[in-house]
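Worksheet: the structure to be examined is printed underneath.
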Amino acid sequence: MWKMILRFLKIILIVAVILVITISIILLLLSMQPFVPNNYTQIVKTGGELEAKYLAMGASQVEHMEVSTEEEWGNINVYYPKELTESAKSYPVVVMVNGTGVYSSKYPALFKHLASWGFIVIGNEDPSTCSGSSADTTLAWLLNENDNPDSRFYQKVYEEHIGISGHSQGGVGVFNAINEQPHGSLYTCAVSLSPTQLDLAEALN
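Taking UniProt numbering, the leading residue of the sequence shown gets 1, the next gets one more, and so forth.
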């Protein structure tokens, strides 16, 4: 009798271990997937010619630069037109503000798409962006690079054309970056997509 019970418990334990391992593998694989499909510019359906035109990739080839910081949230990611380093002109900027738990490295396709149209697109690895502080720090880094003769971004930032966009908690971060942060007055365009309620954003933060 006891042998049967022990054997049954052993089988249950083995099954439980297998389930835990399987679920862990699935979650790991899901965490490695981008939040924006790499081919989204080909699969999204548009409603008109203008949308179709700008949903397609632009004319510029794109370069990527990852910058380490001393911030708790980690690195800054910058995507920019490849010709920037050889060009004498300056480029408009888009600061991306992450949604909850979504790092800039999880949606590179969106950065590449915008950069292909001639923008410097910059974001970070902050999973809690409600205050707009990390967006401000990220923009401050780029502005410092714009004043640094040794930087590839030296005099490449079109400071009169800086935009900011964010989704969910990042949508709230957009409002706070504009209204509560030191560089808020520099933004000339803002897009807040499906911002959460303020109390929820603060709780998530």
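Virtual Cβ for every residue (Gly too), placed ideally from N, Cα, C.
Quiz prompt | Outcome for Gly64 when other beta-carbon atoms lying within 10 angstroms are tallied against a minimum of 16 | solution = First, the residue type needs correcting, since residue 64 is His and not Gly in the sequence shown. Under this definition His64 is an exposed residue.
Quiz item: Grouping DSSP H, G and I as helix and E and B as strand, with all else coil, what is Asn144?
Solution: helix
Quiz item: In or out: Glu125 buried (at least 16 other Cβ within 10 Å) or exposed?
Solution: buried
Quiz item: DSSP beta-bridge partners for Pro81?
Solution: Val62
Self-check item: Nearest neighbour of Trp73, chosen from Lys112, Thr46, Ser128 and Gln169 [CA to CA]
Solution: Ser128
Quiz item: Looking at C-alpha atoms only, which residue of Ser131, Gly99, Pro149 and Phe153 is the closest neighbour of Val121?
Solution: Phe153
Quiz item: Quick one: what's got a C-beta closer than 6 Å to Gly101's C-beta in the same chain, skipping five residues either side?
Solution: Pro127
Quiz item: Can you tell me the Cα-Cα spacing of Glu180 and Gly132, whole angstroms?
Solution: 8 Å
Quiz item: Quick one: is Asp147 buried, meaning 16 or more other Cβ sit within 10 Å of its Cβ, or exposed?
Solution: exposed
Practice problem: Starting from the C-beta of Ala52, find all residues in its chain whose C-beta is less than 8 Å away, skip the five residues before and the five after it, and write them out in chain order. | Solution: Thr46
Quiz item: Where does Tyr54 sit, in a helix, a strand or coil, going by DSSP?
Solution: helix
Practice problem: From the DSSP output, read off the bridge partner residues of Ala177. | Solution: Per DSSP, none; premise fails for Ala177.
Practice problem: Tell me, to the nearest whole angstrom, how far the beta carbon of Val172 is from that of Cys130; I am working on the premise that it is less than 8 Å. | Solution: 5 Å
Exercise. For my contact list, Ser90 and Tyr158 are in at a C-beta cut-off of 8 Å; report their separation, rounded to the angstrom.
Key: 4 Å
Practice problem: Identify the continuous alpha helix (DSSP H) that holds Ala109 and give its terminal residues. | Solution: Pro108 to Ser116
Quiz item: By Cβ distance, which residues of its chain are closer than 7 Å to Gly170, with the 5 residues on each side in sequence left out?
Solution: Val97, Asn98, Gly99 and Thr129
Quiz prompt | Same chain, Cβ closer than 8 Å to Leu114, five either side skipped, listed in chain order | solution = Tyr79, Val94 and Val121
Quiz item: So what's Gly101 in DSSP terms, helix, strand or just coil?
Solution: coil
Practice problem: Go to Tyr154, then tell me how far its beta strand (DSSP E) extends in each direction, as first and last residue. | Solution: Looking at the DSSP string, Tyr154 is not in any beta strand (DSSP E), and its letter there is neither H nor E.
Quiz prompt | Boundaries of the alpha helix (DSSP H) in which Thr46 is found, first to last residue | solution = Note, Thr46: premise wrong, no alpha helix (DSSP H); not H, not E.
Self-check item: Rounded C-alpha distance that separates Thr188 from Glu160
Solution: 7 Å
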